[in-house]
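Counting with this note's numbering, you get residues 54 to 123 for the letters of the sequence shown. Working notes for the structure below.
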Amino acid sequence: MTWLKTIWSEFIGLFVDDGSLAVAVLAWLAAAWLLLPRLPLPPALPPVLLFAGLAVILIESAWRRARQGS
């Protein structure tokens, strides 16, 4: 049965390199999907906020990975 777990983890590893990055992106997308339409914002601001949040998550993940490598 361990071979099945190994195959599964290798399969997931093809698509998800950093689990915390994937979880953070999914959490941000869920929060943006739930909250941004309910806030009284100008129409151009929600896409900017979505992009900014994803950019911050990516930068934090890159910094964390760079600190681990050095």
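Each residue gets a CB set at the ideal place from its N, CA and C atoms; glycine is no exception.
If you follow the alpha helix (DSSP H) that Val101 is in, where does it begin and where does it stop? 98 to 122
Report yes or no: do three or more beta-carbon pairs, one from the stretch 106 to 116 and one from the stretch 61 to 81, lie closer than 8 Å? Yes: at least three Cβ pairs fall under 8 Å.
Taking the C-alpha atoms as reference points, what is the distance between Phe104 and Ile60? 34 Å
Please say whether Ala85 and Leu102 have beta carbons closer to each other than 8 Å? Ala85 sits close to Leu102, with the two beta carbons spaced by under 8 Å.
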